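As they're listed, the protein sequences go chains A and B.
Counting the first sequence from 1 gives a position; the numbering used here is that position plus 30.
Counting the second sequence from 1 gives a position; the numbering used here is that position plus 980.
Every residue, glycine too, gets a C-beta built ideally from N, C-alpha and C.
Bear in mind the structure is a predicted one, so any value in this text is a computation, not a measurement.
Have a look at the structure below before the remarks.
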Amino acid sequence: MYAVRCIDVRKIYKQGDEDVIGLNGVSIEVEEGGFVCLRSPSGGGKTTLLNVMGGLDRPDSGEIWIAGKRIDNLSKAPLARMRLHRIGFVFQAYNLIPVLTARENVEFVMQVQGVSVVDRKKRSLEILSEVGLEGLEDRRPAKMSGGQQQRVAVARAIASNPAIVLADEPTANLDSNTARHLMELFVELNQHRGTTFVIATHDQMVMSYARRLIRMLDGKLVEDIDQEAV
Amino acid sequence: MGTASIVLNLAWRNLWRNYRRTAIMLVAVVVGVWAMIFMSAMMRGMVDGMLVGSIRSLPGHVQIHNPNFRDDPTVNNLFPSPNENLIAVLEQEDVVAWSSRVRVPAVVMSERNFRGVTLIGIDPVAEVSVSFVADDMTEGRFLLGTEDTGLILGRRLAERLETEVGKRVVVLTQDPSNEIVDRGFRVIGVYEAQVASTEEIYAFVGRSTLQTLLGIGGQVSEIAVLGADYRDTEALYHRINAAVGNRLEVLPWYELNRYLSSMLGMMDGFVLIWIVVIFLALSFGLVNTLMMSVFERVREIGLMMALGMKPGVILGQIITESLMLLGMGLLIGDVFAWVTIQRLREGIDLSAVSEGLEMMGAGSVLTPSLQASDVVLATIVVLVLGFLASLFPAMRASRYHPVDAMTKV
Ligand SMILES: Nc1ncnc2c1ncn2[C@@H]1O[C@H](COP(=O)(O)OP(=O)(O)OP(=O)(O)O)[C@@H](O)[C@H]1O
Ligand SMILES: [Mg+2]
Chain A
31 MYAVRCIDVR KIYKQGDEDV IGLNGVSIEV EEGGFVCLRS PSGGGKTTLL
81 NVMGGLDRPD SGEIWIAGKR IDNLSKAPLA RMRLHRIGFV FQAYNLIPVL
131 TARENVEFVM QVQGVSVVDR KKRSLEILSE VGLEGLEDRR PAKMSGGQQQ
181 RVAVARAIAS NPAIVLADEP TANLDSNTAR HLMELFVELN QHRGTTFVIA
231 THDQMVMSYA RRLIRMLDGK LVEDIDQEAV
Chain B
981 MGTASIVLNL AWRNLWRNYR RTAIMLVAVV VGVWAMIFMS AMMRGMVDGM
1031 LVGSIRSLPG HVQIHNPNFR DDPTVNNLFP SPNENLIAVL EQEDVVAWSS
1081 RVRVPAVVMS ERNFRGVTLI GIDPVAEVSV SFVADDMTEG RFLLGTEDTG
1131 LILGRRLAER LETEVGKRVV VLTQDPSNEI VDRGFRVIGV YEAQVASTEE
1181 IYAFVGRSTL QTLLGIGGQV SEIAVLGADY RDTEALYHRI NAAVGNRLEV
1231 LPWYELNRYL SSMLGMMDGF VLIWIVVIFL ALSFGLVNTL MMSVFERVRE
1281 IGLMMALGMK PGVILGQIIT ESLMLLGMGL LIGDVFAWVT IQRLREGIDL
1331 SAVSEGLEMM GAGSVLTPSL QASDVVLATI VVLVLGFLAS LFPAMRASRY
1381 HPVDAMTKV
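Encoded structure:
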């Protein structure tokens, strides 16, 4: 089964009178346990693709399947439920809720899901130590570095075992060293837990970690390289 | 349960995130609630004072008359003094006191001046417990019995007549056959009333003395009955009504004095309007505060929605935040109001500025009267209207599109 499958997905943005192409017939499958990077020049459609995959935006046409379930035709509430249970998100910035501590941020999704206090506390502590944040559980985001904040976001994204983690330029605000560490964390989680990752990036270093590298241009896939085979 | 606890947690923490703004709004709510409760208590206190004062200045809680007396309050509309049946009812426990009176229009003449008055023949011993006169004697003495031949005047009336204790005046009135009867009285005492006009209207003599002057035997004009509480006269009224049958008219104070009773009724409306008006003033600040706090958090609201929190929960979070703020304001405001009212339990002396109040029938000491129903009303108004006022910012927050919200700068 595919973690995510897109079939001829199109999305056009209206910018005043003009139509701006977001996605122009994208078809893609990502197998479970995949580790995929999306690259494109700015405006190539990476964010748009991740958003429709994650159910944050609806495509104009085409189908999107997450873990064997079709999601492009879902209405708002079921879509929110789908995101809650199936997708882990790591955004470029403003990933965390400022009034909650690291642990509470990690527990947020589980809490909304209705996981019991005991379970979610146990899981969140485990995962925080797994992403290397032991000892920082009770800090609020404002008192953590950018890299630490992104790790908390990653911890939250994987805490409830989603079908897929979508990361949109997760390293864009990090220095190269910190970015490298975050990528190593992704790889490790991918290998040990089998979590599926789709990561959009501009960064050559990030791409170098990907097993599969997909290049986009003007809302289309133009290249799909299996880097392991290379 | 998970959602409820996270909503409470987020609402509470976000409330204290912008400490200053929340504190300012809280102070506004506290002052508003204080003003609602305290001023309501003052208004209630004023009406209470008016009612108690007015009831004490003769009516009692229930009165018995000849059915024609109210249209023509003269010596022509009398009734026999109470029979045993009625006396038995009047001697029951919930009657604090009762007194029967003769009440006629009369003219009092001194050597310098004359005035029209209502002359009331009383049994001083019974009257003491029903009405004010004996308490408020400032000069001379009160009547000693129904046969007393002295006359009690109000201070103002005495001034107008340019007479004083010890002097003699002449009283003129009509007997049942419309003949003028007159008699000299010695002024034996002067009283002061809470309401100045009372002092000019009422003059008191012994009941038997007046009955003899008028030649009406044992007949009386009215019986005034004082119960335990003016708010609760129904039972007393019905029992007396049953005892006197339909030959006589029995009226509770609120029908004797429609002005007072409509005042009491209107007070509920005033209190409600007052509370709502204060809240409306507060609500502008409240909505503004909430809007600001929503705008500041657009991105994290977007984030929460992106992560799968339903818009309804976001809505609930903003409303919870608002209700928490209002709840705290209510609590603190209520406590402040209560403390203020406790401190003023002895009453506020308004004698310096009380001319106006006296004209309205209130005394010159104002005691705020806290009513539980007003506190409940204020709480309901604040929470219900607060909920409605928060809906607008909350809906605004819940209608963001997660992607748009997160990319807002
Ligand atoms: N909300 C929007 N309204 C209008 N046009 C949009 C909107 N979002 C994206 N677009 C347009 O859609 C196209 C694809 O944008 P998208 O953000 O997916 O590109 P991207 O590859 O993520 O770019 P970047 O590397 O800069 O993040 C661009 O031309 C962009 O201008
Ligand atoms: Mg992008």
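Less than 7 angstroms between the CB of residue i and some heavy atom of ligand 2, yes or no?
i	result
K76 (chain A)	yes
A1286 (chain B)	no
A230 (chain A)	yes
D198 (chain A)	yes
Should residue i be flagged as near chain A, meaning a C-beta pair shorter than 8 angstroms?
i	result
L1270 (chain B)	no
T983 (chain B)	yes
P1373 (chain B)	no
M1247 (chain B)	no
M1030 (chain B)	no
R1279 (chain B)	yes
M1386 (chain B)	yes
Following a CB-centred definition, is residue i positioned closer than 7 angstroms to any heavy atom of ligand 1?
i	result
H115 (chain A)	no
Q45 (chain A)	yes
M91 (chain A)	Reading off the sequence, residue 91 (chain A) comes out as Ser, not Met. Because no heavy atom of ligand 1 lies under 7 angstroms away, the Cβ of S91 (chain A) does not count as near it: no.
G55 (chain A)	no
V50 (chain A)	yes
I73 (chain A)	The sequence given here places Gly at residue 73 (chain A); Ile does not occur at that position. At least one heavy atom of ligand 1 is nearer than 7 angstroms to the Cβ of G73 (chain A), so yes.
S70 (chain A)	yes
Counting only C-beta atoms, is residue i closer than 8 angstroms to chain B at any point?
i	result
N262 (chain A)	Nothing can be reported for residue 262 (chain A): it is not among the residues displayed for chain A, which extend from 31 to 260.
P128 (chain A)	yes
A202 (chain A)	no
F121 (chain A)	yes
N81 (chain A)	yes
Report the neighbours of residue i on chain B: residues whose CB is nearer than 7 angstroms to its CB, in chain order.
i	result
L86 (chain A)	A1286, P1382 and V1383
R111 (chain A)	G1288
Using a C-beta to C-beta distance shorter than 8 angstroms, which residues of chain B count as neighbours of residue i?
i	result
L114 (chain A)	L1287, G1288 and M1289
Could you name the residues of chain A that residue i contacts, counting a contact when the two beta carbons are closer than 8 angstroms?
i	result
R1376 (chain B)	In chain order: nothing, as chain A lies at least about 17 angstroms away.
I986 (chain B)	F138, Q141 and V142
Against residue i, what residues of chain B qualify as contacts under a CB-to-CB distance less than 9 angstroms, listed in chain order?
i	result
V145 (chain A)	G982
L107 (chain A)	Residue identity differs from the one stated: residue 107 (chain A) is Ala in this sequence, not Leu. Result: K1290, P1291 and G1292.
Y43 (chain A)	Per Cβ cutoff of 9 angstroms: no residues; Y43 (chain A) is ~11 angstroms from chain B at best.
List the residues of chain A that residue i touches, going by C-beta distances under 7 angstroms, in chain order.
i	result
N994 (chain B)	V129
R997 (chain B)	V129
In chain C, what lies closer than 8 angstroms to residue i by C-beta?
i	result
L990 (chain B)	Absent here is chain C; the protein component of the structure consists of chains A and B.
Mind pulling the chain A residues with CB within less than 9 angstroms of residue i?
i	result
L1283 (chain B)	F119, F121, Y124, N125, L126 and I127
Whole alpha helix (DSSP H) elements within the stretch 169-213 of chain A, 4-residue minimum: Contiguous alpha helix (DSSP H) elements confined to the stretch 169-213 of chain A occur at 176-189, taking only those with 4 or more residues.
Could you tell me whether the stretch 981-992 of chain B touches the stretch 1311-1318 of chain B, where touching means 3 or more Cβ pairs closer than 8 angstroms? Three or more beta-carbon pairs separated by less than 8 angstroms are not found between the stretch 981-992 of chain B and the stretch 1311-1318 of chain B, which leaves the two stretches without contact.
Alpha helix (DSSP H) runs wholly inside the stretch 1267-1333 of chain B, at least 4 long, in chain order: Counting only runs of 4 or more, we get 1278-1286 and 1291-1323.
Only counting runs of 3 or more residues, tell me where the beta strand (DSSP E) segments fall wholly within the stretch 1089-1135 of chain B, in order along the chain. You should have 1094-1102, 1117-1120 and 1130-1134.
Check whether the stretch 1069-1080 of chain B and the stretch 1204-1212 of chain B are in contact - that is, three or more C-beta pairs closer than 8 angstroms. Segment contact: the stretch 1069-1080 of chain B against the stretch 1204-1212 of chain B, three or more CB-CB distances shorter than 8 angstroms; contact assigned.
Are there three or more Cβ pairs, one per stretch, closer than 8 angstroms when the stretch 1258-1278 of chain B is compared with the stretch 1235-1250 of chain B? The count of Cβ pairs closer than 8 angstroms, one atom from the stretch 1258-1278 of chain B and one from the stretch 1235-1250 of chain B, stays below three, leaving the stretches out of contact.
When the Cβ atoms of the stretch 1367-1384 of chain B are set against those of the stretch 1286-1294 of chain B, are three or more pairs found closer than 8 angstroms? In short, these stretches touch, since the Cβ pair count reaches three.
Kindly provide the ranges of any alpha helix (DSSP H) runs that are 4 or more residues long and lie completely inside the stretch 1184-1216 of chain B, ordered along the chain. Entirely contained in the stretch 1184-1216 of chain B, the alpha helix (DSSP H) runs reaching 4 residues are, in chain order, 1187-1194.
Whole alpha helix (DSSP H) runs in the stretch 1035-1089 of chain B with 4 or more residues, listed along the chain? If we require 4 residues or more, the alpha helix (DSSP H) runs fully inside the stretch 1035-1089 of chain B come out as 1064-1070.
What are the start and end residues of each continuous alpha helix (DSSP H) run of 4 or more residues lying completely inside the stretch 1339-1381 of chain B, in chain order? Within the stretch 1339-1381 of chain B, the runs of alpha helix (DSSP H) that reach at least 4 residues and sit entirely inside it are, in chain order, 1352-1378.
Does the stretch 1272-1287 of chain B come close enough to the stretch 248-256 of chain A that 3 or more CB-CB pairs lie under 8 angstroms? No, because fewer than three Cβ pairs between the stretch 248-256 of chain A and the stretch 1272-1287 of chain B fall closer than 8 angstroms, the two stretches do not touch.
If we count Cβ pairs, one from each stretch, closer than 8 angstroms, do we get three or more for the stretch 1352-1369 of chain B versus the stretch 1252-1264 of chain B? By the Cβ rule, the stretch 1352-1369 of chain B counts as touching the stretch 1252-1264 of chain B, because three or more pairs are nearer than 8 angstroms.
Can you give, in chain order, each stretch of the alpha helix (DSSP H) that sits fully within the stretch 57-101 of chain A and has at least 4 residues? For the stretch 57-101 of chain A, whole alpha helix (DSSP H) runs of length 4 or above, ordered along the chain, are 76-83.
Could you say if the stretch 208-220 of chain A and the stretch 234-246 of chain A meet the contact criterion of at least three C-beta pairs nearer than 8 angstroms? Cβ pair count under 8 angstroms is three or more, so yes.
Should the stretch 35-53 of chain A be called in touch with the stretch 79-93 of chain A, which here means at least 3 C-beta pairs below 8 angstroms? A contact exists between the stretch 35-53 of chain A and the stretch 79-93 of chain A.
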